[in-house]
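Asker:
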Amino acid sequence: DAGVIQSPRHEVTEMGQEVTLRCKPISGHNSLFWYRQTMMRGLELLIYFNNNVPIDDSGMPEDRFSAKMPNASFSTLKIQPSEPRDSAVYFCASRDDRSTEAFFGQGTRLTVV
Amino acid sequence: AQKITQTQPGMFVQEKEAVTLDCTYDTSDQSYGLFWYKQPSSGEMIFLIYQGSYDEQNATEGRYSLNFQKARKSANLVISASQLGDSAMYFCAMSPSDYKLSFGAGTTVTVRA
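Going down the list, the sequences are from chains V and D.
Each residue of the first sequence is one higher than the last, beginning at 204 in the working numbering.
Each residue of the second sequence is one higher than the last, beginning at 51 in the working numbering.
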């Protein structure tokens, strides 16, 4: 398996634009996590899906952020409109709940100017 | 809600010596998992070791061992025989019975030659 695949790896966008981050989890994994990492706030859990259903979105900062998982092999995190304070590295991770470790993607480095 | 605390923002260790990274957690669940991840300067998240709450023996993986003290809600990571390549950020994480995975603030380890 190729592991968790995130795209794009880098994104630079202007304030006010819509940004969509994509994640393909490892096949067979039933849990998917979106995290945001910044120097100031560390690694924050934004949203957690289990069997494609959002279980906990309490970490989503505000209504500008939304996440979907239309099927077991794809998830998106959308920011609309984007702001400079959204600049961060966004990680997607997936896990098989019958196992232990979560596998992380390489992350998307988002810069909003 | 669970909480993971890493009180050491940064640590220095001499090459070939051992280092202990502290982690305490708070949960009301009886069944949970504890994890340690490594994040080198390249940015990827690397799984190191796992401990289940019902495991009676401390987990070990090569030079990594987890000092699990359930009553104290402590899950410290011990890295033995430190190497220069161990210089990285280390994150403690916990997953309770709902499988949500949350991380502590991290500890930066710098290994000196």
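All C-beta atoms in this analysis are idealised placements derived from N, C-alpha and C, irrespective of residue type, glycine included.
With 8 Å as the C-beta to C-beta threshold (strictly closer), list the residues of the region 285–308 of chain V near chain D in chain order.
Answerer: Going along the region 285–308 of chain V in chain order, one finds Val292, Phe294, Ala296, Arg298, Asp300, Thr303, Glu304, Ala305, Phe306 and Phe307 with a Cβ nearer than 8 Å to chain D.
Asker: Where do the N-terminal and C-terminal ends of the beta strand (DSSP E) with V:Ile258 fall, by residue?
Answerer: Its beta strand (DSSP E) spans residues Val256 to Asp259.
Asker: Note the first and the last residue of the continuous beta strand (DSSP E) segment covering D:Asp76.
Answerer: Thr74 to Asp76
Asker: So within the region 223–290 of chain V, which uninterrupted beta strand (DSSP E) runs reach at least 3 residues, ignoring any that extend past its ends?
Answerer: 234–241, 245–253, 256–259, 268–274 and 277–282
Asker: Whose CA, out of D:Ala125, D:Gln101 and D:Met139, lies closest to the CA of D:Val159?
Answerer: For D:Val159, the closest C-alpha among the options D:Ala125, D:Gln101 and D:Met139 is that of D:Met139.
Asker: Residues of chain V with a CB under 9 Å from the CB of D:Asp148: which are they?
Answerer: Tyr251, Asn253, Ile258 and Asp259
Asker: Would you call V:Asp289 buried or exposed, if buried means 16 or more other Cβ atoms sit within 10 Å of its Cβ?
Answerer: buried
Asker: If contact is defined by three or more beta carbon pairs under 8 Å, each pair taking one atom from either stretch, is the region 300–316 of chain V in contact with the region 77–97 of chain D?
Answerer: yes
Asker: Taking 9 Å as the cut-off, decide whether the C-beta atoms of D:Leu98 and D:Asn108 are in contact.
Answerer: no
Asker: Scan the region 236–251 of chain V for residues whose Cβ lies nearer than 7 Å to a Cβ of chain D and list them as they occur along the chain.
Answerer: Phe236, Gly245, Leu246, Leu248 and Tyr251
Asker: Anything in chain D within Cβ reach of V:Gly310, meaning under 9 Å, just list it in chain order.
Answerer: Gly93, Glu94 and Met95
Asker: Could you give the distance in angstroms between the alpha-carbon of V:Thr216 and the alpha-carbon of D:Thr77?
Answerer: One C-alpha to the other measures close to 39 Å.
Asker: So which of D:Gly154, D:Val128 and D:Gln56 has the shortest CA-CA distance to D:Lys66?
Answerer: D:Val128
Asker: Going by CA-CA distance only, name the one from D:Leu134, D:Lys150 and D:Asp148 that's closest to D:Val63.
Answerer: D:Leu134
Asker: In the DSSP assignment, find the beta strand (DSSP E) that holds D:Asn117 and state where it starts and stops.
Answerer: Tyr114 to Gln119
Asker: Measuring CA to CA, which of D:Tyr104, D:Glu106, D:Thr110 and D:Asp136 is closest to D:Met215?
Answerer: The first residue shown for chain D is 51 and the last is 163, placing residue 215 of chain D beyond what the model contains.
Asker: Beta carbon of D:Gln107: closer than 8 Å to some heavy atom of the ligand COA?
Answerer: In terms of ligand content, the structure shown is empty, and the ligand COA therefore cannot be addressed.
Asker: So, does the CB of D:Phe118 fall closer than 9 Å to a CB anywhere in chain V?
Answerer: By this cut-off, D:Phe118 is not an interface position.
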